[in-house]
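Contents: one structure, followed by commentary.
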Ligand SMILES: [Zn+2]
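In the numbering used here, the protein residues as written are 10 to 484.
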């Protein structure tokens, strides 16, 4: 064993020990102080460059006053009163953005070989460490694990983001999934939705083999309970789903089969994306989809990072991904990402570019685009780090930094219906803020995230990452 491996094994044992203790220790023994950089109180962040999340360009030389869990004031340094006794943190040369709102941010993760693990401990910490202060899980493998995790986070017993939970996936009988509800008809859809709505989930996610009748029934029943429905579709086209009253659509172009010539009703045409390399984004078919979505207020969720692993010619996966994964998972993910990039099951680079174009054009047409990581692909997009990669991919799609941050914060909050308190930086909003130890526009990525404020508590990003290093993918 090399020194590095010994060190890793030691960290792994420590991590598992910490997790076990966290799971069994009595409440009073829970102490997260060492992970906190700035305790909740009165805090003045001065001289910062601030993106407020509205899509407006950054303002320099700003002061943000945090009082408890709220933002009390924002404005040019010198014009904002700093309360006496405030802890003053000079952020010259640094950037502040709103806490990110991850809209496709599962509480579980799948490693390279498709083995899934509920990451209630490490995933929650990685989301927060990466600046993601709110998540919608968008499909649960273990709905009770999610509901319980949400309560633990709300109660301050587990470190993680604010959660919007999901019931079990809803798909059709043809699906080979072992964890989803394989619906036998609309009545079962209603029964499942009713049960989990009453148990307290916030959303449902329909999946690739649901029928129109089942999807319509699920939406109707969910809405009756004040719960919403999104979908990763295939058997149902986007326009059909909009007509059925769906609330959100996941994955952009990658999950819309309605442009495939071999599409027949309630069927998922195999390999439909492969034909999309020449899709005319300005053409009548695509524009009709956008019009239907926009007129019916149906937002789209971008998850570019989860598809990038399968695109030949893309830059290598960031090493920090492998560095945080459990060693055996890291090996798997590295092996499969090399295979996928080499063409096994790969996505045509032209189709990938088309997907970027699709999302940009949707926004230009007036659509509401949000974003999320989807950590359930081949493992190269773990919680948080994958969200940060999305920032770079949306820049590549042609959005400005301010627009990308709007997509990743304010727009997500709008989809969740919480934009009156989350997603932008303004007086009266919840103190969910991310400090980046760089000029973000010069850096071009979110890797220098240093302090993540959620509800006014400033978490130390590096310490949170260190607290889960070597166990991500396992627990
Ligand atoms: Zn998903």
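Yeah, the Cβ is synthetic: ideal placement off N, Cα and C, and Gly gets one too.
Cut-off 8 angstroms between Cβ atoms - residues of its own chain near residue i, not counting five sequence neighbours on either side
i           : result
residue 248 : 267, 297, 298 and 301
residue 327 : 394 and 398
residue 332 : 339 and 478
residue 155 : 116, 146, 149, 172, 174, 175 and 210
residue 498 : As shown, the chain starts at 10 and ends at 484. That puts residue 498 outside it, with no answer to give.
residue 369 : 406, 407 and 408
residue 365 : 313, 402, 405, 406 and 407
residue 189 : 177, 178, 179, 180 and 216
Contact belief for residue i with residue j at Cβ below 8 angstroms, rounded distance in angstroms
i           : j           : result
residue 485 : residue 448 : Lying before the first or after the last residue shown, residue 485 is absent from the chain, which here runs from 10 to 484.
residue 41  : residue 168 : 6 angstroms
residue 431 : residue 441 : 6 angstroms
residue 210 : residue 245 : Not quite, the Cβ-Cβ distance comes to about 21 angstroms (not below 8 angstroms), so this is no contact.
residue 115 : residue 384 : 6 angstroms
residue 112 : residue 421 : 5 angstroms
residue 170 : residue 144 : 5 angstroms
residue 341 : residue 120 : 5 angstroms
Own chain residues within Cβ distance below 6 angstroms of residue i, not counting five before or after
i           : result
residue 272 : 266 and 278
residue 58  : 67, 69 and 104
residue 15  : For residue 15, the pLDDT reaches just 45, beneath the cut-off of 50, and the residue's location in the model is therefore unreliable, although a value from the coordinates is still provided. Excluding residues within five positions, none has a Cβ falling inside 6 angstroms.
residue 457 : 445, 446 and 447
residue 270 : none
residue 372 : 378
Check: residue i C-beta below 7 angstroms from any heavy atom of ligand 3
i           : result
residue 109 : As presented, the structure is devoid of ligand 3, carrying ligand 1 as its sole ligands.
Contacting residues, own chain, Cβ-Cβ under 7 angstroms from residue i (five flanking each side not counted)
i           : result
residue 33  : Bear in mind that the predicted position of residue 33 carries a pLDDT of just 43, short of 50, making it unreliable; the figure below should be weighed with that in mind. If we look at residue 33 and ignore the five residues flanking it on each side, it has no Cβ neighbours.
residue 359 : 286
residue 411 : 60, 64, 65, 66 and 67
residue 77  : 49 and 465
residue 490 : Residue 490 lies beyond the range of the chain shown here (10 to 484); nothing can be said about it.
residue 56  : 70, 86, 99, 100 and 101
Cβ-Cβ distance between residue i and residue j below 8 angstroms
i           : j           : result
residue 205 : residue 147 : no
residue 480 : residue 131 : yes
residue 389 : residue 318 : yes
residue 264 : residue 223 : no
residue 378 : residue 416 : yes
residue 434 : residue 46  : no
residue 531 : residue 396 : Here the chain has residues from 10 to 484 only, and residue 531 is not among them.
residue 374 : residue 403 : no
residue 89  : residue 425 : no
residue 240 : residue 214 : yes
residue 8   : residue 315 : Examination of residue 8 is not possible in this model, given that the chain is present from 10 through 484 alone.
residue 221 : residue 256 : no
residue 463 : residue 51  : no
residue 81  : residue 436 : yes
residue 62  : residue 419 : yes
Chain C contact for residue i (CB, 8 angstroms cutoff)
i           : result
residue 252 : Given the protein chain composition of this structure (a single chain), no chain C is represented.
At least three beta-carbon pairs within less than 8 angstroms, the stretch 465-483 to the stretch 136-155: yes
Are the stretch 250-260 and the stretch 309-324 touching, with three or more C-beta to C-beta distances below 8 angstroms? yes
Would the stretch 151-169 count as touching the stretch 220-236 if we require 3 or more Cβ pairs under 8 angstroms? no
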